[in-house]
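> Protein sequence lines correspond, in order, to chains S and E. Last residue of the first sequence: 344 (the working numbering), numbering continuous. Last residue of the second sequence: 1344 (the working numbering), numbering continuous. Backbone N, C-alpha and C fix where the C-beta goes; we use that ideal spot for every residue, glycine too. Questions regarding the structure given below will be posed in turn.
There are 2 protein chains.
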Amino acid sequence: MPPTLKDVAQRAGVSIKTVSNVVNGYAFITPATRERVERAIAETGYRPNLGARNLRKGRTGFIVLAVPELDNPYFAELTGLVITAAHRRQWTVLVEQTQGSREREQAVITSMGPQRIDAAILSPLAMEPSDLERADPATPLVLLGERDIPGPADHVAIDNVAAARTVVEHLIAIGRRRIAVIGDQPGKNGGTGALRIAGHRQALDAAGLPHDPTMVLPVENYQRADGAAAMARLLDLPEPPDAVFCCNDLLAIGAMRTATDRGISIPGNVAIAGFDDIAEGGYSSPTLTTIAPDKEAIAEAAVNLADKRVDPIRGGRGTKNVESEDVRAPFALKVRESTGGAGR
Amino acid sequence: MPPTLKDVAQRAGVSIKTVSNVVNGYAFITPATRERVERAIAETGYRPNLGARNLRKGRTGFIVLAVPELDNPYFAELTGLVITAAHRRQWTVLVEQTQGSREREQAVITSMGPQRIDAAILSPLAMEPSDLERADPATPLVLLGERDIPGPADHVAIDNVAAARTVVEHLIAIGRRRIAVIGDQPGKNGGTGALRIAGHRQALDAAGLPHDPTMVLPVENYQRADGAAAMARLLDLPEPPDAVFCCNDLLAIGAMRTATDRGISIPGNVAIAGFDDIAEGGYSSPTLTTIAPDKEAIAEAAVNLADKRVDPIRGGRGTKNVESEDVRAPFALKVRESTGGAGR
DNA sequence: ATCGTTGTCTACAACGTTGTAAAGGCGTAC
DNA sequence: GTACGCCTTTACAACGTTGTAGACAACGAT
């Protein structure tokens, strides 16, 4: 049985509360007492029982981070950064995987199973705006990725439309004219995919290029296999594209694989660009041009927002002010071999 | 403020304990009472406060999973599986990243920061056997990956030596004779790397091939960049290898990249094999031959062992029986293009 | 009618912590 | 010498839950 305040108090010959005061850095304690207590703490190996502390304080010290799945390197990397950022603020992260299921996303915002948490950071995939209304208003919610979801949730995202436009402008700049896009998700409107496709469209329009619906490829998921399959369809067209913008890096990796399999040269015959800047793209053959969202900034902002919302006053748990915040994280275009850039 | 047992009790006109009994499925309750309580629960939206429950029960319901870092897809995938397995047993996983630092690994086994947890699953990298002695004996510990670490910890791993031998035998079977290995970690003896290198040696010996120390390449870490650098050194040798076994897939990806950069054909000039079966290797160019550990089995076994060790009797937290267990998970060789296998 | 027995429910204490309020010690000013 | 104030420490209650032990009714058996 681990030592408690009581054990330490006994050993130091003081009251429980005094030990508590020492532990919590209360100001008015004589050096002599403090020293005695600290020695007793060291001797017993005491460490506070966070469960009890949080019960008393009405906070749990946990935030939940819900991502579609850790298999996706983008989310894996992001999760790592969120954990690190949360640690700096003395928070512990519970990682949930929603598998992109609307049901599981809902479970997260309607108070996370039976678990009590102080805040939730959710990267929604399937969620519809209406789901948000059912969210537990007492638990601050931070949504990752833009969606036109009104309501009491904060948002952190890069400007997806602008970022997508930037990549496609780059493809145009290197002389491509038939620029396809992989990653449409019919049925899911307002999602990240839709924004990136809008960016593609904007760039084409700005350059006066025609907009060909057969160049907009829908996919079931954003996995390598989906990209590979979509690319196959593109290459089977009578007039295949000379560039492909994939809505994420995994799709691009799959697309590149299909091209390579068919002996199509990248970027010679077709240039390919992705989105997310996962580490994999820095070592693929060819290396992958991509949009690099500032993941660190995203993680930091998400945790920061959650932090700000958690009201430290007992009983007043909940969103601090009604105004919800939108944070725009920066992004950068990384030109690599797949669009004619330098090696590594 | 969320509703508590008290609120429900008041509404249902029964005692707090009766509500508790209903919630916990206590047997002797009249249908009428049960129905009344259940309605009150539904009306108030009551959900148990796990913090309080666990305080009372002396268990937290948390297990910590400590991996070097989530950037590494192997650990990301494994983490996902552990989370899923833990969920099935009503456990919540706290994910920690040790960054391969001995200090942080120690922090995990000596009771996880200030956090109380019921068990720990650790994937050690830097840890030395002596560190284990300082582990909190009350917290069951499951180590992932074999190391000759005696003591009260359970182990889950595949047979690394046999697996490595299997890959290298495969390289020999396709006619290679100068088979290098990337992934030695001088200084870290007993680690996973050492075992895989031993497997390499065994295969060479069994085939009567000479053992050339210049063909055993040390690396700082197991990242893509390390593999790339090591491969460069190999290709600079007067007599470069005709095959390279990399101790993990990331190293192999890096190695392949270097070879491709130099116009060396894979597997024509040099065959390359990895270890871990990360998804990336199924889409790289060429696709990567690798050892596929049964990650699901590993995750399941790890959670299962932790589960078994947690003594449900209050105050008796701790390892249930002194005998520590060793679980061997299965593995399989996946032959792909990088050693002359079929495409995908 | 009385006595157990069985089934159903409840009062109380405890888990380890912290907020509140107040008690005690000591020095200073009158 | 008394009153006051300050600094330091403490007792107590409370957070929401469950284990223990016992209360209370209803019932059948004696």
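Around the C-beta of Pro210 (chain S), are 16 or more other C-beta atoms found within 10 angstroms, so that it is buried, or is it exposed?
Answer is exposed; the Cβ neighbour count stays below 16.
> Pop quiz: Val994 (chain E) and Leu1078 (chain E) are said to be a contact at Cβ under 8 Å. What is the actual Cβ separation, rounded to whole angstroms?
Nothing about residue 994 (chain E) can be read from this structure; chain E reaches only from 1001 to 1344.
> Shorter than 7 Å from the beta carbon of Ser1020 (chain E) to some beta carbon of chain S?
False, the Cβ-Cβ gap to chain S never drops below 7 Å.
> In chain order, what are the residue ranges of uninterrupted beta strand (DSSP E) at least 3 long that sit wholly in the stretch 56-132 of chain S?
The stretch 56-132 of chain S contains these whole beta strand (DSSP E) runs: 62-67, 92-97 and 119-122.
> Please compile the residues from chain S whose C-beta is within a distance smaller than 8 Å of the C-beta of Glu1077 (chain E).
Under the 8 Å cutoff, chain S gives Leu70 and Asp71.
> Taking 7 Å as the CB-CB limit, is Thr1258 (chain E) close to chain S?
No - not a single Cβ of chain S is within 7 Å of the one on Thr1258 (chain E).
> Measure the C-alpha to C-alpha separation of Ala1229 (chain E) and Thr1258 (chain E) and round it to an integer number of angstroms.
Computed Cα separation, rounded: 8 Å.
> Take Leu333 (chain S) and list the residues in its own chain whose beta-carbon comes closer than 7 Å to its own, dropping the five residues that flank it on each side.
The residues are Thr166, Val167, His170 and Ile291.
> Short of 8 Å in beta carbon distance, which residues of its chain neighbour Asn1221 (chain E), apart from the five on each side in sequence? Order them along the chain.
Cβ neighbours of Asn1221 (chain E) beyond the five flanking positions: Gly1100.
> Find the nearest neighbour of Asp294 (chain S) within the set S:Leu305, S:Asn72 and S:Asn160, judged by alpha-carbon distance.
Ranking the options by Cα distance to Asp294 (chain S), first place goes to S:Asn160.
> I need the straight-line Cα distance from Asp1153 (chain E) to Gln1223 (chain E), nearest angstrom please.
Inspection of the sequence shows that residue 1153 (chain E) is occupied by Ala rather than by Asp. If you take the alpha carbons of Ala1153 (chain E) and Gln1223 (chain E), they lie about 28 Å apart.
> Provide the residue span of the alpha helix (DSSP H) that contains Pro31 (chain S), from first to last.
From DSSP, the alpha helix (DSSP H) with Pro31 (chain S) extends over Pro31 to Thr44.
> In whole angstroms, give me the CA-to-CA distance for Asp276 (chain S) and Ala301 (chain S).
When rounded, the distance between both Cα atoms is 17 Å.
> Here's a check: name, in chain order, each residue in its chain whose Cβ is nearer than 7 Å to the Cβ of Ala1126 (chain E), leaving out the five neighbours to either side.
Once the five neighbours on either side are set aside, the close Cβ partners of Ala1126 (chain E) are Gly1100, Ser1101, Arg1102 and Glu1105.
> Is the CB of Glu1296 (chain E) under 7 Å away from at least one CB in chain S?
For Glu1296 (chain E), the answer is no, since every Cβ of chain S falls outside 7 Å of its Cβ.
> Taking 7 Å as the threshold (beta carbon to beta carbon), is Glu1280 (chain E) in contact with chain S?
Interface residue, yes.
> Do you know offhand how far Ser20 (chain S)'s Cα is from Phe28 (chain S)'s?
About 13 Å.
> Helix or strand or just coil, what does DSSP make of Ile197 (chain S)?
In this structure, Ile197 (chain S) counts as helix in the three-state DSSP scheme.
> Could you name the residues of chain S that Tyr1283 (chain E) contacts, counting a contact when the two beta carbons are closer than 7 Å?
Those within 7 Å of Tyr1283 (chain E) in chain S are Arg224, Ile253, Gly254 and Arg257.
> When you compare the CB of Arg314 (chain S) with every CB in chain E, is at least one pair closer than 7 Å?
With a pLDDT of only 31 at Arg314 (chain S), under the threshold of 50, the placement of this residue in the model should not be trusted; the figure read from the coordinates follows. Arg314 (chain S) does not count as touching chain E.
> Taking Cβ to Cβ, would you say Asp1249 (chain E) is nearer than 7 Å to Gly1281 (chain E)?
Cβ atoms of Asp1249 (chain E) and Gly1281 (chain E): closer than 7 Å.
> Anything in the stretch 29-62 of chain S with a Cβ closer than 7 Å to a Cβ of chain E? List those residues in chain order, please.
Listed by position along the chain: Arg47, Pro48, Asn49, Leu50, Gly51, Ala52, Asn54, Leu55 and Thr60.
> Give me the chain E residues within the contact set of Leu94 (chain S), using Cβ-Cβ distance strictly less than 8 Å, ordered along the chain.
The contacting residues are Thr1092, Val1093 and Leu1094.
> How would you label Gln1419 (chain E), buried or exposed, when you count the other beta carbons within 10 angstroms and need 16 or more for buried?
Residue 1419 (chain E) is absent from the structure shown; chain E starts at 1001 and stops at 1344.
> Leaving out five residues before and five after Ala1273 (chain E) in sequence, what residues of the same chain have Cβ atoms less than 6 Å from its Cβ?
Closer than 6 Å at Cβ, skipping near neighbours: Val1167, Phe1245, Thr1289 and Thr1339.
> Gln97 (chain S) CB to nearest chain E CB: under 7 Å?
Yes, Gln97 (chain S) counts as interfacial toward chain E.
> Report, in whole angstroms, the separation of the C-beta atoms of Ala1329 (chain E) and Ile1278 (chain E), which I expect to be a contact under 8 Å.
Ala1329 (chain E) to Ile1278 (chain E), Cβ: 16 Å. No contact.
> Answer yes or no: does any C-beta atom of chain S fall closer than 7 Å to that of Gly1080 (chain E)?
Closer than 7 Å to some Cβ of chain S, the Cβ of Gly1080 (chain E) qualifies, so yes.
> Give me the Cα-Cα distance between Val270 (chain S) and Gly175 (chain S), rounded to the nearest whole angstrom.
Spanning the two alpha carbons is a distance of roughly 11 Å.
> Across the stretch 230-238 of chain S and the stretch 196-209 of chain S, are there enough close Cβ pairs to call them in contact, namely three or more that are closer than 8 Å?
These segments do not touch.
> Nearest to Gly61 (chain S) by CA position, among S:Glu337, S:Leu141 and S:Asp118, is which residue?
Ranking the options by Cα distance to Gly61 (chain S), first place goes to S:Asp118.
> Please name the residue in E:Arg1047, E:Pro1048, E:Gly1013 and E:Ala1052 whose C-alpha comes closest to that of Glu1035 (chain E).
Closest option to Glu1035 (chain E), Cα to Cα, is E:Gly1013.
> Taking just the CA atoms, how far does Asn72 (chain S) sit from Thr1260 (chain E)?
When rounded, the distance between both Cα atoms is 25 Å.
> Going straight from the alpha carbon of Ala1138 (chain E) to that of Val1095 (chain E), what length do you get?
Going from the Cα of Ala1138 (chain E) to the Cα of Val1095 (chain E) covers about 20 Å.
> Quick check on Tyr1026 (chain E): buried or exposed, where buried means 16 or more other Cβ atoms within 10 Å of its Cβ?
Classification for Tyr1026 (chain E): exposed.
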